[in-house]
Every structure is written in C-alpha cells, then in structure tokens.
C-alpha cells in the first residue's frame, strides 16, 4: 500500500497504476455489491422471485465489455476521470463540467443514500440502535481511511471485505437452504408463503406465478423480457463502462492484462448473488410470511415503518432468526463491510471527479499537494451531506429498494451511456451533438423522474390514477426510448455541424487505435509507431547485427512502456523517448 506513492495525484487517485488482477477484481465486485444489494436483492426475491437476478447476470457481460472495448480507449486518452475523457474526445469544457456535476448528484442522492439507508436498516433491525448514531459512526470510520489512504487503501480493503462478504453470505445461504429443505423445498413452499391477514378478493400478498422465471410477460409483468434484454443493458453499460467508481478501479491495474483478469474475476463472482441474496430472500418469505410478505398497510407500518411493504427486511430477518449467535456477528461484519466498501469506493471516486474535473477547472495552476488536500476535504463534506440526507431517504424509500435504484438509473443514465458509446465508436460524433444529446435526454429523464415522485405507484388494491406515460410505460421501456432519442439527437446535430478535428479523435475512438494510416496532423496507433521505431533502429545500426539487436530492444521497450496503464505520458511520447535512446 505504501508503494503506491500517496503523495502524488496519480498515486492517490489511481493507486499508482500498480494493482494486480485479483485486488482489482475483488474491488470491482465489492464496489458493486454494497449493503443495498444485500437488502435490495433479497427484498426483490421475497416480493417477486428470481427476476432481479437479470441485473446481476447482465453485469457479467458489461464488465467484460469494459475491459476489452472501453478500457483501451481510456488508457490511450490518458484520462483519470470519465468527464475528462469526454473533454478530450469532444473538446470544450461544458460537457466535462456538466457531467461532473451530474455524477456527483447521482452519487450523493442515489448511491450513498441508498447504501446508507440499507445498512442502517440492517443495524436497526439487529441492534435496535438509533439510526443516525449508527450511520454517523460508520461514515466517520469509512471517511477516515478513505481520506488517509487514497485508492490503494480502498482497493486492498475491498479485497479483504470481499472475502468476508463471501464467507458470511455463503454461510447464511447454507443455513437457509437446509432450513427450507433445499431448492425443491423452496420451489414447493414459496407459493404457499401467504400472510395470514390480507385483503380478500385481491391478489395482495400472493406470490407471483412467474416467480421462478427471469424472462416474463412483455406487457403485464414487473420485469418484461424485452426490457431485460435491451432496456436493462443500457444502464448496465453506463455503470460498468463509464461510471467513475468502476472504471477507476480498472485504471489502477498494472497493465491491460491485469485489468482484463480483474474483470473476468468479477464476471464469475456475479453468478453468486442469485444464490447468496435473491434465493435467501425468497426463503425468508417462506419462513416469515406474516412479516416479510405483509399485505396490510397498517400492519406493515407497525412491522418495518413502511406501509408499502416490508420485503426489504427479508435478509436482516433471516440473519437474526436463523443464525446462531457467533454467525450473527459474522453477518453483522458482512453488512458493515459491504456498506463501508461501497461508500469508500464512492467517496474516493467522487473526490476524484470534484478535484480533477471541477477544482482544476477553476484553479488550473494549483499544485499536486493542493489537489490532494481538496480531495480529502471533499470526502469530509460528502460525509456531512450524506448524514443530513438520511431523513429524506428514510421518508422516501419505497416498497422495494432495489427496484427504486434501477428505476432512477433508467431515467438518468441512458443519455450518458449513449454519448460515451458514440464517442468511443463513431468518429463523426462532435461536441455539439454530444452536448445536446445529453441535455435533451436528461431533460426527458428528469421529467419522468419527477412524475414518478408526484404520482407514486398505488398500494395493492387501490385504484391507479397515474398518467398513462407513468402507468403503462415500464421504466425499462422508457430507458430504451430515452437511449433512442439521445442517440438520434447526437446523430442529427453532429451531421448538421462541423466534424471534430483529428486531434479530438486520434486517442479517443477505437477505430483510430486499431487500423488505418494516420492523416496529416494526427497520431498513428501504437503498433505503427513501434514499427517505425524498428525501421529507424535498423538504419541507425547500418543493417549490422548491432542495429538488429537495437531494433528488437527498442521495439520491445516501446510496447512494454506503451501498454502500461494510467501513464501520465502520452503514448507517442513514450515511443519517441524509446526511439531517442537508440
């Protein structure tokens, strides 16, 4: 941890680019699977079955897309943050500032708040502590080692916490399946898990008939299969391929091979939430139907303080009622580890965005020491804002925490995802098209978000008086529409205005990295530079043995240097430096 040079900006924010594959993979998984996953996925499993697993299995492929397609572009661009990439790709600063502010709002009001509330819910159920004292203590501890250690401390801590999470969650999974009689017992008993008090002549409190299906009816289900295949993929690509929290861990890898290895490890680990979180939530409903599956608003209010339903207490209830005393402590550690892991990742990435994208914009000549101090202070400010936000999270939390997270994501993330995709894979996309694609898409997303808050989903048995766009358009379908509108806006505006200059495209688009001869004023791909190096070295050696040996040595040095992740020296300069020593 000390070798990552915390006294430099790169060492603090990117761990010096020296992380090997296994802590990178563990940190990716731990950053993704916070306390919101344990509470939210188990709650969705208790309420509607295994369909929520689709989010996890979708992420299995998206994290591989990051390593194989997006990461080489980010490396070639030499960026530290995602808003910085858009500035280098499109030019100007309005997109970078716009996106930096948007990311900070997303982190504060969705990620941090959701994880805090989920962790606090578990602690409150387990220990009956005051909600704010428990969360304040956890946030204080989390902020201290995030501020003191930078990304290296976060990644190494994530690796340890991933091990704790896996051991604790697998232990609870084993106890749960033993108690219910295995998978066959769960399939037989889940449909009988009905609360004793519910409204007559309604479906309130009844398990879904398609509870053991992932691909469900495209019109009348809670997760329609076209939305799962397409609408779910768009926010997933945003999260795994453009979210600062995730990409920053991959950029900290030692080289591209280690980054790919970390992504593969995370992809395999994403298989586990079905068995460690979703199915235990379903088992909790089988064992405690009157509590977890309560259908009467007054009873639910007494049980968990939420008249919309108590499915989110499925996982804490299972821990408290099923495990022996020693293992309860282990699972308590698991939940605290999940909460702290997720928060450390968000704190570090948020401070990186604020420091590198906003502070440096207003103080371009600031020193590295000033940047690190500002990053640390911003983490403390995030802690204070997060604590102040707790009452609003507690008041606004719906019946299923995980569905709340995904619906918000479907309203805010598709425009950003499409701008990144077009920037990386379409050379003609320019700054005006990207900016207006973001503005139009986010305006529509915010309108739908506000409508959802104004017209919340009615409780079971109540009439549905919501507007048609809210009532009939599933949030995954809205994600598809939003992505299409944003893409069309970028295409039309980009084609109607001047194309980007070659200096904007040369290191920010996948096609300029892999093929084609460089145009005038542009930079050729790494392979072409190293090929030129070989020819130059041979001429320098006058065709002799020494020249051949020198060419091989210089070419090897060029490739070795050029493939190092997160280098602060552009790749052409790397090869030029190697060439200069021939």
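In the numbering used here, the protein residues as written are 988 to 1569. C-beta atoms are modelled at their ideal positions from N, C-alpha and C, and glycine is treated no differently.
Round the Cβ separation of residue i and residue j to the nearest angstrom and send it over; I've been treating them as touching at under 8 Å.
| i | j | result |
| --- | --- | --- |
| residue 1117 | residue 1330 | Actually they do not touch by this definition, with Cβ atoms about 19 Å apart. |
| residue 1320 | residue 1062 | Actually they are not in contact, since the Cβ atoms of residue 1320 and residue 1062 sit about 36 Å apart, beyond 8 Å. |
| residue 1033 | residue 1268 | 4 Å |
| residue 1249 | residue 1012 | 4 Å |
| residue 1074 | residue 1082 | 6 Å |
| residue 1037 | residue 1265 | 6 Å |
| residue 1473 | residue 1416 | Not really, about 12 Å apart at Cβ, beyond 8 Å. |
| residue 1284 | residue 1182 | Not a contact, Cβ separation roughly 12 Å. |
| residue 1280 | residue 1192 | 6 Å |
| residue 1327 | residue 1125 | 7 Å |
| residue 1123 | residue 1374 | 6 Å |
| residue 1077 | residue 1487 | 7 Å |
| residue 1146 | residue 1010 | 4 Å |
| residue 1457 | residue 1439 | 6 Å |
| residue 1339 | residue 1235 | 6 Å |
Measure the CB-CB distance between residue i and residue j and report whether it falls below 7 Å.
| i | j | result |
| --- | --- | --- |
| residue 1406 | residue 1425 | yes |
| residue 1177 | residue 1088 | no |
| residue 1041 | residue 1270 | no |
| residue 1100 | residue 1387 | no |
| residue 1035 | residue 1209 | yes |
| residue 1241 | residue 1007 | yes |
| residue 1278 | residue 1286 | no |
| residue 1492 | residue 1419 | no |
| residue 1156 | residue 1026 | no |
| residue 1570 | residue 1399 | The structure shown does not extend to residue 1570, since the chain is modelled only from 988 to 1569, so the question has no answer here. |
| residue 1221 | residue 1404 | yes |
| residue 1318 | residue 1160 | no |
| residue 1237 | residue 1058 | yes |
| residue 1443 | residue 1451 | no |
| residue 1049 | residue 1227 | yes |
| residue 1015 | residue 1253 | yes |
| residue 1218 | residue 1464 | yes |
| residue 1337 | residue 1091 | yes |
| residue 1334 | residue 1366 | yes |
| residue 1332 | residue 1064 | no |
| residue 1256 | residue 1158 | no |
| residue 1497 | residue 1060 | yes |
Taking the alpha-carbon of residue i as reference, which of the options has the nearest alpha-carbon?
| i | options | result |
| --- | --- | --- |
| residue 1282 | 1180, 1198, 1274 | 1180 |
| residue 1467 | 1265, 1402, 1268 | 1402 |
| residue 1410 | 1183, 1429, 1499, 1458 | 1499 |
| residue 1449 | 1490, 1189, 1164 | 1189 |
| residue 1203 | 1194, 1214, 1444 | 1214 |
| residue 1023 | 1421, 1465, 1323 | 1323 |
| residue 1447 | 1389, 1296, 1154, 1456 | 1296 |
| residue 1153 | 1423, 1337, 1261 | 1261 |
| residue 1422 | 1476, 1158, 1235 | 1476 |
| residue 1390 | 1353, 1373, 1435, 1462 | 1462 |
| residue 1163 | 1080, 1094, 1309, 1028 | 1309 |
| residue 1098 | 1487, 1348, 1021, 1495 | 1021 |
| residue 1055 | 1224, 1343, 1363 | 1224 |
| residue 1080 | 1043, 1392, 1349 | 1349 |
| residue 1174 | 1184, 1066, 1194 | 1194 |
| residue 1196 | 1207, 1186, 1356 | 1207 |
| residue 1298 | 1109, 1435, 1149, 1469 | 1109 |
| residue 1043 | 1216, 1119, 1412, 1441 | 1216 |
| residue 1495 | 1435, 1441, 1408 | 1408 |
Mind checking if residue i is an interface residue toward chain D, Cβ cutoff 7 Å exclusive?
| i | result |
| --- | --- |
| residue 1238 | The displayed structure is made up of one protein chain only, and chain D is not part of it. |
Name the one or two DSSP bridge partners that residue i has.
| i | result |
| --- | --- |
| residue 1211 | 1203 |
| residue 1006 | 1240 |
* Sufficient close CB pairs (3 or more, under 8 Å) joining the stretch 1226-1241 to the stretch 1065-1076 -> yes
* Do the stretch 1112-1126 and the stretch 1289-1306 touch if we need at least three Cβ pairs shorter than 8 Å? -> yes
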